[in-house]
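In the working numbering, the protein residues as written are 7 to 325. Ideal Cβ positions, reconstructed from N, Cα and C, are used throughout, including at glycine.
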Ligand code: ADP
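What follows is the structure, encoded as structure tokens:
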């Protein structure tokens with residue numbers, strides 16, 4: 007059953023376009039029920055990777071599976087269980103949201119009409135468009151159109167939603183609404199979405215893969231990524247002569263380094279620790295064992311995704 011652990015699982019998936027390596031040996035592992043952010047700058051290969059997953063283009067090499075089924079040979083079966091929102095979804099502007107969803111639902115679902123109408127009403131509610139259901143789409147804002155696009159992708163109750171830059175072109179309010187809809191949908195399906203917006207990933211994803219120049223440069227849960235790859239760092243501002251305390255801390259087995267800066271009688275330490283639990287329990291007490299020392303600030307340094315992203319992307323370029 008371990009093939010079911012990952013909804014999307016690719017091995018060395020690659021795509022060249024006349025010498026351009028749009029996707030390079032991608033090993034994607036998307037856990038079931040995650041909101042998975044596929045993050046990278048424009049041109050990184052995100053749309054190409056999505057097209058490969060959906061069987062809309064063939065890989066140059068490598069392979070992949072969705073729900074354990076092969077993305078090349080089983081793509082028709084796979085797509086029955088996947089909802090997809092393209093980067094710039096097109097609608098018939100004169101049709102209403104309800105008509106659009108009805109059209110799509112009937113395409114997939116042959117059940118009784120009453121059942122279809124119930125689904126449509128529920129889905130409109132889910133994406134916050136109930137009050138606009140019967141207006142023509144050409145009166146919709148960008149954010150409303152994107153939410154309708156998500157509704158359309160969701161209407162056949164897919165096990166996996168693939169959304170290509172669902173919030174990229176939107177103003178802050180539109181983005182917030184779209185992200186909220188995605189959070190709401192997580193209880194129904196796994197959500198795999200591409201984006202170049204770090205803030206969005208930090209807000210709604212629980213896992214992330216970072217691509218740059220077609221290559222995967224990181225893949226982890228947001229929590230692990232934010233904890234920092236080099237372990238946790240505690241930051242302290244100390245007043246008083248701190249040298250003895252420094253020796254004492256440096257001697258601890260769970261301390262991997264202390265970075266010291268001093269200015270105007272105040273010393274700042276960045277203490278790298280290998281065991282966060284022990285550090286949390288002991289670090290402050292060990293410093294304060296020197297009674298003449300005062301601590302004016304103590305905290306665990308948390309990384310912002312942006313710092314990590316920049317480190318990874320720039321670090322990758324040096325190599
Ligand atoms: P992203 O979605 O991350 O912005 P894309 O997958 O659209 O990136 O593009 C990745 C790279 O592949 C780019 O250099 C792009 O120009 C190239 N590319 C994408 N599609 C084609 C195509 N059909 N023919 C040739 N080159 C392409």
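Residue i classed as buried or exposed, judged by whether at least 16 other C-beta atoms fall within 10 angstroms
i	result
residue 73	buried
residue 312	exposed
residue 273	buried
residue 7	For residue 7, the pLDDT reaches just 40, beneath the cut-off of 50, and the residue's location in the model is therefore unreliable, leaving the point undetermined.
residue 78	exposed
residue 26	exposed
residue 303	exposed
residue 248	buried
residue 125	buried
residue 71	buried
Own chain partners of residue i with C-beta closer than 6 Å, once the 5 adjacent residues on each side are dropped
i	result
residue 54	21, 28 and 29
residue 13	36, 38, 166 and 196
residue 265	276
residue 192	41
Beta-carbon proximity check, residue i vs residue j, cutoff 9 Å
i	j	result
residue 295	residue 252	no
residue 103	residue 140	yes
residue 184	residue 152	yes
residue 33	residue 292	no
residue 181	residue 206	yes
residue 143	residue 101	yes
residue 262	residue 306	no
residue 169	residue 148	no
residue 47	residue 58	no
residue 301	residue 239	no
residue 320	residue 288	no
residue 204	residue 97	no
residue 299	residue 246	yes
residue 136	residue 127	yes
Contacting residues, own chain, Cβ-Cβ under 7 Å from residue i (five flanking each side not counted)
i	result
residue 328	This structure cannot settle anything about residue 328, because the visible part of the chain is limited to 7 through 325.
residue 129	107, 157, 160 and 161
residue 324	Note on residue 324: pLDDT 37, under 50, position unreliable in the model; the coordinate value appears next. Contacts found: none.
residue 284	260
residue 164	87, 88, 89 and 195
Own chain, CB closer than 8 Å to residue i, minus 5 neighbours either side, in chain order
i	result
residue 226	213 and 214
residue 172	91, 152, 155, 156, 184, 188, 199 and 201
residue 68	16, 17, 18, 19, 20, 31 and 32
Strictly closer than 6 Å from CB to any heavy atom of the ligand ADP: give me those residues in the order they appear in the chain.
Every residue whose Cβ sits closer than 6 Å to any heavy atom of the ligand ADP is listed here in chain order: 23, 26, 28, 46, 48, 49, 50, 51, 52, 53 and 54.
Assess contact between the region 75–86 and the region 28–42, defined as three or more Cβ pairs (one per stretch) separated by less than 8 Å. Is contact present?
These segments do not touch.
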